[in-house]
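Asks: Before I ask anything, let me first share the structure, which is written out below as structure tokens.
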Amino acid sequence: MATALESKLSDLIHEIKEIKKELIFQEIAKTRVAKKRLTTWRSLGKRISGKWDEMSVADEIAYQREKTW
12 MATALESKLS DLIHEIKEIK KELIFQEIAK TRVAKKRLTT WRSLGKRISG KWDEMSVADE
72 IAYQREKTW
């Protein structure tokens with residue numbers, strides 16, 4: 012009887028380890044997607060800044076946010 016319980020426990024431990032692996036793989040995939048989006052966003056920002064005439068995009072946004080009365 013103890014061997015049957017040990018076998019079930021071993022199976023459960025194995026399943027838990029597999030679930031942990033799957034969770035880690037999912038987190039890695041999410042991180043890759045987020046990094047790709049961030050890289051794309053930064054690249055787009057550089058392209059737009061390159062076409063901007065006088066100010067950088069960041070300076071223009073900061074200027075627009077300043078309150079002038």
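Take 12 as the starting number for the sequence shown in this note's numbering and just add one per residue. Here a beta-carbon is modelled for each residue, glycine too, at the ideal position from N, C-alpha and C. The model shown is predicted, which means the values in this text are computed figures rather than measured ones.
#1: To the nearest angstrom, report how far apart residue 56 and residue 50 are at their CA atoms.
#2: Could you check what DSSP says for residue 67 in three-state terms: helix, strand or coil?
#3: Which of the three DSSP states, helix, strand or coil, is assigned to residue 33?
#4: Does residue 17 come out as helix, strand or coil in the three-state DSSP assignment?
#5: Indicate the three-state DSSP secondary structure (helix, strand or coil) for residue 77 in the structure shown.
Replies: This is what the structure holds:
#1: 10 Å
#2: coil
#3: helix
#4: helix
#5: coil
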